[in-house]
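Heads up: the structure comes next, in structure tokens.
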Amino acid sequence: QGDVLVIVDRAQREWRNDRYFIVEEADQIQIKWSEMPSDEPLLGEVILIMRPKKILDENYTKDYFGRRPGYDGWQTDE
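Residues in the sequence shown are numbered from 1 upward in steps of one, following full-length UniProt numbering.
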């Protein structure tokens, strides 16, 4: 599973059927979509959900690009 970053516009609390919203259910915050308006109070509109980037293994990049003096595997040559 892992961590994710969720950005929410807390000022946007007007329901729209093409958006996801944050609601409170059973003392927990949930992300919810509904085709029809809900009776639940909307806490905000979800703007972005992003998970951490998966970075290649540093040793792999060194092997792939070659082991040159002063080259750390993440630099690029111009």
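For every residue, glycine included, the Cβ atom is placed at its ideal position computed from N, Cα and C.
Treat the numbers as computed from the prediction; the structure is a model and nothing was measured.
When the five nearest sequence neighbours on each side are left out, the beta carbons in the same chain lying within less than 6 Å of the beta carbon of residue 45 are those of 9, 12, 19, 21, in order along the chain.
The Cβ-Cβ distance between residue 42 and residue 15 falls below 8 Å. Going by C-alpha positions, residue 24 is about 25 Å away from residue 52. Residue pairing by DSSP puts residue 44 in a beta bridge opposite 22.
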